[in-house]
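Student: Below are the structure tokens for one structure; questions will follow.
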Amino acid sequence: MSRVLTDRIRTEPEFTEPEDYMQSSLSALFPDDIQNQHGDKDQHIVYTSPTLGEIVLELSSPAGEKGRLLFAHYLWNASLQLAEFFEEGDGKRGGRERWEVTGERVLEVGSGTGLAGIVTALMGAEEVVLSDYPDEGVLANLRTNVAKNIESNGFGDVTVQGHEWGVVDDGFSVKNKESFSRVIASDCLWMPWQHENLLKSIRWFLKENGRAWICAGFHTGRELMRGFFEEEKLAAAGLEIENYL
497 MSRVLTDRIR TEPEFTEPED YMQSSLSALF PDDIQNQHGD KDQHIVYTSP TLGEIVLELS
557 SPAGEKGRLL FAHYLWNASL QLAEFFEEGD GKRGGRERWE VTGERVLEVG SGTGLAGIVT
617 ALMGAEEVVL SDYPDEGVLA NLRTNVAKNI ESNGFGDVTV QGHEWGVVDD GFSVKNKESF
677 SRVIASDCLW MPWQHENLLK SIRWFLKENG RAWICAGFHT GRELMRGFFE EEKLAAAGLE
737 IENYL
């Protein structure tokens with residue numbers, strides 16, 4: 497049987513209610529229906545890597561409607577895909593060197609649970625900053641995930657930073673202008689009204705000749721994402737497309 501992207505994750509604690517078992521079985525009952533987000537309250541997610549072992553991700557508890565609308569309390573498939581790419585990017589293991597992160601300074605925007613950024617740290621990035629909207633619940637949860645998976649394993653320089661896309665006059669932004677060789681984002685394109693702000697942040701933090709990796713699912717519709725990749729809009733931000741996958 498072929499492996500699917502979500503085979504690497506499981507939720508804990510184990511299901512106890514009949515409806516929980518039903519929910520967990522939907523992908524088997526309806527194999528053509530892809531579940532794009534994962535996790536629920538009182539659960540955490542375990543990502544099992546063939547090279548890195550288990551990565552345990554706590555989920556934030558959104559405060560009010562504004563917190564829920566950030567959708568940072570789920571793990572999204574785009575994060576799973578980026579994490580898998582980064583694991584395959586180690587040239588020493590015969591992987592796709594395009595995704596190599598060893599020695600790079602990495603900024604993740606819209607980190608959510610922080611999975612993709614955490615994997616870059618475990619794969620040898622020199623420095624990693626996990627950033628998300630400056631909501632204390634989201635940021636506190638990111639710090640917890642860093643403590644569980646990075647600090648407890650003795651890995652290096654990983655920090656958590658609040659950042660609102662397009663706002664680049666704060667201390668962190670001024671200090672780190674054009675400082676990161678890699679900027680990553682997963683499932684951040686579903687808000688077309690934020691595309692220009694996201695592009696502004698990516699260009700601001702990205703070094704000359706750096707590379708941004710953007711991954712998004714089509715569950716919100718292609719039309720919402722299309723504008724982000726318009727050549728005119730990218731050129732205005734000082735960016736260009738190197739490649740699509």
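Residue 684 in the working numbering sits at position 188 of the sequence shown, and the numbers go up by one each step. Ideal placement from N, C-alpha and C gives every residue a C-beta, glycine not left out. In this text the structure is predicted, and so the values were computed from the model without any measurement.
#1: Within a Cβ cutoff of 7 Å, which residues of the same chain sit near asparagine 641, ignoring the five residues on either side of it in sequence?
#2: Mind reading off the beta-carbon distance from alanine 617 to valine 624? Whole number of angstroms is fine, and I expect it under 8 Å.
#3: Just mark threonine 544 as buried or exposed, buried being the case when its beta carbon has 16 or more other beta carbons within 10 Å.
#4: Hey, quick one: how far does the alpha helix (DSSP H) through isoleucine 614 stretch, first residue to last?
#5: Given this structure, state the Cα-to-Cα distance separating asparagine 705 from serine 677, to the nearest angstrom.
#6: Between Trp700, Met721, Gly734 and Ala579, which lies nearest to methionine 619 when the distance is taken from Cα to Cα?
#7: Using the three-state DSSP reduction, which class does lysine 703 fall into: helix, strand or coil?
#8: Can at least three beta-carbon pairs, one atom from the region 631 to 640 and one from the region 660 to 678, be found at a separation below 8 Å?
#9: Since serine 682 contacts cysteine 711 with CB under 8 Å, what's their CB separation in whole angstroms?
#10: For cysteine 684, which beta-bridge partners are listed by DSSP?
#11: How far does the beta strand (DSSP E) with glutamate 508 in it reach, from first residue to last?
#12: If we cut at 8 Å on Cβ distances, does alanine 731 have a partner in chain D?
#13: Hey, quick one: how far does the beta strand (DSSP E) through leucine 626 stretch, first residue to last?
Tutor: So, to answer that:
#1: Counting only Cβ-Cβ distances below 7 Å, and skipping sequence neighbours, we find Leu553, Glu554, Thr609, Gly610 and Ile614.
#2: Between alanine 617 and valine 624 the beta-carbon gap is near 4 Å, inside 8 Å, which marks them as a contact.
#3: Threonine 544 is exposed by the Cβ-count criterion.
#4: Isoleucine 614: member of the alpha helix (DSSP H) spanning 611 to 618, first to last residue.
#5: Between the alpha carbons of asparagine 705 and serine 677 lies a gap of roughly 8 Å.
#6: When each option's Cα is compared against that of methionine 619, the closest is Ala579.
#7: Three-state DSSP puts lysine 703 in a strand.
#8: Contact fails: fewer than three Cβ-Cβ distances are below 8 Å.
#9: Between the beta-carbon of serine 682 and that of cysteine 711 there is about 5 Å, and that keeps the pair under the 8 Å contact cut.
#10: Cysteine 684 pairs with nothing; no bridge assigned.
#11: Per DSSP, glutamate 508 belongs to the beta strand (DSSP E) from 505 to 508.
#12: As a matter of chain content, chain D is missing from the structure shown, which is built from one protein chain.
#13: Run containing leucine 626: 623 to 628, per the beta strand (DSSP E) assignment.
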